[in-house]
Structure formats: structure tokens, C-alpha cells
Amino acid sequence: MNKLQIDIGSTYFKTNANGEINQHFRNFDVAIYDDLHNKCADLLANYSKEEVHICSSANGGLSTLIIGITSLFSLKYATNIAFNSGINIIDTILYSTIDKAVAPKEVIDVVIVVGGIDGVESKFDEKLINYLKNVNYQNIVYVGNKADTVFLKKQLKNLVVLPNIIGDKLQVQEEELKEYLTNLYQSDIEGKEEIKKLYEITSNQIYSTPYIVNNALPKLGTLFDVADPFLVIDVGGATTDIHYSTDLVENKNIMTSSGYDRLVFKKLGVFKSRESLVFGAKNNEFVYELLDYLGVNEHILDEHSEQATTTLMQLAIFLVLYQVSKSHNDYVTLKLEILNSIVLTGGISKVLTDEEIDKIMRFFYKKILNFTQTPNVITDRNYEIWTLGIEEIHHAN
48 MNKLQIDIGS
58 TYFKTNANGE
68 INQHFRNFDV
78 AIYDDLHNKC
88 ADLLANYSKE
98 EVHICSSANG
108 GLSTLIIGIT
118 SLFSLKYATN
128 IAFNSGINII
138 DTILYSTIDK
148 AVAPKEVIDV
158 VIVVGGIDGV
168 ESKFDEKLIN
178 YLKNVNYQNI
188 VYVGNKADTV
198 FLKKQLKNLV
208 VLPNIIGDKL
218 QVQEEELKEY
228 LTNLYQSDIE
238 GKEEIKKLYE
248 ITSNQIYSTP
258 YIVNNALPKL
268 GTLFDVADPF
278 LVIDVGGATT
288 DIHYSTDLVE
298 NKNIMTSSGY
308 DRLVFKKLGV
318 FKSRESLVFG
328 AKNNEFVYEL
338 LDYLGVNEHI
348 LDEHSEQATT
358 TLMQLAIFLV
368 LYQVSKSHND
378 YVTLKLEILN
388 SIVLTGGISK
398 VLTDEEIDKI
408 MRFFYKKILN
418 FTQTPNVITD
428 RNYEIWTLGI
438 EEIHHAN
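For the sequence shown, this note's numbering gives the first residue as 48, with consecutive numbering after it.
Right, dumping it as C-alpha cells:
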């Protein structure tokens, strides 16, 4: 079947015309639609709107603030669901400490409020309402026990109430919240004027790229020699994402029904979020030793050069592995010591050599995990994982 697949990234856009994949560095002085036409007008002329399928990560993802009753269940469950829905967590607040919490300065796309199991007494009071008065948020959703519903609906306009994510047996019930957050993510993409204009060249739904990549994972073995459990690290211009086999999840009580999930690190992109990546690197206790191991000094973090970009991509790999390791507890903890394969994709595949990648893996596994052996590393040099994911979505629909 004649078809054209397009991935709009924050730094590049990619095209796949019946198996022929090409990358184009974006011209940020013109709109995405115009840039696409300037570079691919002859290609686009060969396809009808029905034959064009588009995904995008150019919006950088949504942000959330999570307020929960307990760190072990409500915050942990909601955090896991938010990450798996492609949502970026700005902060999590334990309700018992909300009096001391400082409201985030940036606009929050969605606030998630989650309480205990059904059947318990009300947990939330005026402290929550007073705190939220200082938060600039676009959406708010409640997924806690039923006892708090009447009070919260009366106090909070535009509150969306969904079924409790904590089951009676303290198991996660994720589907309703995950669908709500995924739809918000989708609406954000379509609401961006630059992305919305792309519907002039396609009659198909425009999906988020992390969602597309996650849908490719069950078929990844058709492209590469991978073995479960594995993870995919996608280093981009705005974010760095991890897609992983759920066999790697350390905390079994937050397992999901899917065999694969994802985390989106909004502050670890190499171009658009470069400053936050550098900030994260400078505040990591191992990075200066890592820079010495790589043969560069700390000043490379403040440079704008090809070598600096190479180093930042190496640091992005290290930092995301570190943040899902047992050394860091703010995210889902993955059992990296049982990994069989790591697949690298995104802009990284065009910049880092195998040797530069191997150095990062060796340092991480020896320094952080005390392992001498590293998993099999595969680099998606042709950047085709996303094409497999779009194909899966197309066939499913």
C-alpha cells in the first residue's frame, strides 16, 4: 500500500516513504508546515491525505503536579501512571506536608489528586483548597476514595472525577486515569497551531511519538536482535524517553497490564532543554568523575560545540539510567542488573559512535551497579523504530 509516514520532532523531522527513511534538520525560522513543504514538496505531492500518517514530539509533553495521601501507594501509583502516559511530573506533594509545600511557578497542565482506598473517611480539607489557589493549572482530576468526592467537587470548579486508582487489595487500577492523561496529551498536540495545520496534509489522527514508539516494542524483534527484558532510550532535542519491559519493574504492586511502559524526562533533552540537562548533570555526584573518564573537563558543559553535543548526549544516557536505578528513588525503579538489551534511538543515533556509547555503559554499570558486564547495546542508526510503531497503529485501526 502506498503510504508516507512523518515524525515531527523538536529538532528534526523524519519521513518514511515506503521504506525509504530520510531526516531533515528543522528550520526554526519558519513554521513546521512551511518547513516540511519547503523540503519535501515533491514527496508530499505523491500521496493523498489518507496515505499520510504523522506522529509528533514537538510539543515537549505535558506537566503534572501530584498530591497524594501516602507515598507508598497514592503518590507511587499516580506517579507511575503519569509517567507511562507521557506526562512530565513537576512535583509530588505528600498531603501531610502541604502546609510547607511551595507552589510551582510554571503553568501546570494537570493536577492529580489521589487519596486512599474506598470506604475510609474523608482525608482532604481546606488546606488543599488554599494550596491550589496558588497553583496556575489548566486541568485537575481526582482519583481517590469516594468519601472526598462531594467536598472536592463543591470546592474545585472543572474537577474531573475518575474511579479510584487504588483497589481494595491495594492494587493499582490505572486504565481510566491513563486514558484521561493520554487524551490530554493528544489534545495538547492537536491544539498546537503548528501541529494542527498538519491536518491539511493528513486525514489520519496525529499521535505522540512516545506513544508510537511504545507501540513498536512488541514487534521490535523484527528489526533488531533484542531479548527481553530490554529497554529503549530515545534521546531527543526536547526530552529523553525510556521505554522498558515491565519485567524490569522493581515494585511489583505497580505493575500494569501492558508488557511495556515508558518514562518521559522533559528536562533531559539535548537542544530545547539543554540548560536543564546541564543543571541536572552539574548536580549529579558522579558526573565530574564521568567527565574525567570521558577525557573532557567540566567546562565542556558550558560550551556550544560538536564535542559538547556529543558529551551531553552521553550524559543524557547516564542520567536516565541513573534516575531509574536503585540509586535514585523518585522514579520507577528498574532492575537494570537483569537487562539483556538496550536499544538507543533518536538524534543520538546520528551523533554517537559505538565506542562513545560503550564508554558510558561501562562507566554506569561498573560505578553505579558494580557490574563488569554490560547488556547488548543496539543503536537504531536508520531511526526506524517509530515507523514500526506507526505501522502497528495503522493496522490496529
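A virtual CB, placed ideally from N, CA and C, is assigned to each residue, including glycine.
| message | Quick check on DSSP: helix, strand or coil for Ile432? | response | helix
- Which term fits Asn261, buried or exposed, when burial requires 16 or more other beta carbons within 10 angstroms of its beta carbon? buried
Can you name the start and end residues of the alpha helix (DSSP H) that Gln252 belongs to?
For Gln252, there is no enclosing alpha helix (DSSP H), as DSSP marks it with neither H nor E.
Can you give the Cα-Cα distance for Met408 and Phe418, rounded to whole angstroms? 10 Å
Handout entry: Thr111 beta carbon less than 8 Å from that of Val161
Key = no
Would Gln370 be called buried (16 or more neighbouring beta carbons within 10 Å of its own) or exposed? buried
Supposed close pair Val188, Val207 - CB separation, criterion 8 Å
4 Å
* To do: Please determine if the segment 268-282 and the segment 420-432 are in contact, where contact requires at least 3 C-beta pairs separated by less than 8 Å.
  => Of all C-beta pairs linking the segment 268-282 to the segment 420-432, three or more are shorter than 8 Å, placing the two stretches in contact.
- Less than 8 Å separating the beta-carbons of Leu278 and Asn331? no
Query raised in the report: Around the Cβ of Ile385, are there at least 16 other Cβ atoms within 10 angstroms (buried) or fewer (exposed)?
Result: The residue in question, Ile385, is exposed, as its Cβ has fewer than 16 Cβ neighbours within 10 Å.
Open item on the list: Helix, strand or coil for Tyr232? Go by DSSP, reduced to three states.
Closed with: helix
Can you tell which of Glu97, Thr126 and Leu109 has its C-alpha closest to the C-alpha of Tyr184? Leu109
- Near Gly214, which residues of its chain fall below 7 Å by C-beta distance, leaving aside the five closest residues on each side in sequence? Gln220
If we ignore side chains and look at the alpha-carbon of each, how far apart do Thr293 and Leu359 end up?
28 Å
Residue burial classification, Lys180 (beta-carbon count within 10 angstroms, cutoff 16): Here Lys180 is exposed. Its C-beta has fewer than 16 other C-beta atoms within 10 Å.
- Message: Quick check: what's the CA-CA separation for Asp235 versus Leu245?
- Response: Straight-line Cα distance between these residues: approximately 14 Å.
Examine the Cβ distances between the segment 120-130 and the segment 72-88 and report whether three or more of them are shorter than 8 Å.
Fewer than three pairs of CB atoms, one per stretch, sit closer than 8 Å, so the segment 120-130 makes no contact with the segment 72-88.
Open item on the list: Quick check on Glu221: does DSSP put it in helix, strand or coil?
Closed with: coil
>> Tell me which residues share the same chain as Ser388 and place their Cβ nearer than 6 Å to its Cβ, disregarding the 5 neighbours each side in the sequence.
In response: Val273, Ala274, Phe277, Pro422 and Asn423
Residue from Lys382, Val154 and Asp138 whose Cα sits closest to the Cα of Ala148: For Ala148, the nearest C-alpha among the options comes from Asp138.
Using only the alpha-carbon positions, how far apart do Ile248 and Val99 sit? Answer to the nearest angstrom: the Cα atoms are 7 Å apart.
Pop quiz: Ile113 and Leu122 are said to be a contact at Cβ under 8 Å. What is the actual Cβ separation, rounded to whole angstroms? Contact flag correct, Cβ pair sits at about 6 Å.
Report task. Report yes if the C-beta distance between Asp82 and Thr256 is below 8 Å; otherwise report no. Result -> no
_Can you give me the C-alpha to C-alpha distance between Gly56 and Leu295, rounded to a whole angstrom?_
28 Å
Problem - Beta-carbon proximity check, Thr58 vs Gly283, cutoff 8 Å - result: yes
- Message: Is the beta carbon of Gly163 closer than 8 Å to that of Ile116?
- Response: yes
Legend entry - Inter-residue Cα distance where the pair is Ser352 and Glu402: 20 Å
DSSP three-state call for Thr111: helix, strand or coil?
strand
- In whole angstroms, what separates the C-alpha of Val325 from that of Leu348? 6 Å
| said: If distances are taken between C-alpha atoms only, which option among Glu97, Leu175, Asn344 and Leu228 comes closest to Asp156? | reply: Here the closest residue by C-alpha is Leu228.
Going by DSSP in three states, Glu153 sits in which element: helix, strand or coil? coil
Next on the checklist: Could you give the first and the last residue of the continuous alpha helix (DSSP H) run that contains Val182?
Outcome noted: Unbroken run through Val182: none, as it is neither H nor E.
Near Glu97, what residues of its chain come up, given a Cβ to Cβ distance below 6 Å and the 5 sequence neighbours on each side ignored?
Around Glu97: Ser250.
Item checked: Sequence-distant residues of the same chain with beta carbon closer than 8 Å to Ile301, five excluded per side -> In this prediction, Ile301 scores a pLDDT of 47, lower than 50, which makes its location untrustworthy; the coordinate-derived value is nonetheless stated afterwards. The residues are Lys123, Tyr124, Asn127, Val219 and Val379.
Which term fits Ser132, buried or exposed, when burial requires 16 or more other beta carbons within 10 angstroms of its beta carbon? buried
Next item on the list: From the DSSP output, read off the bridge partner residues of Lys61.
Entry: Answer is Asp54 and Gln70.
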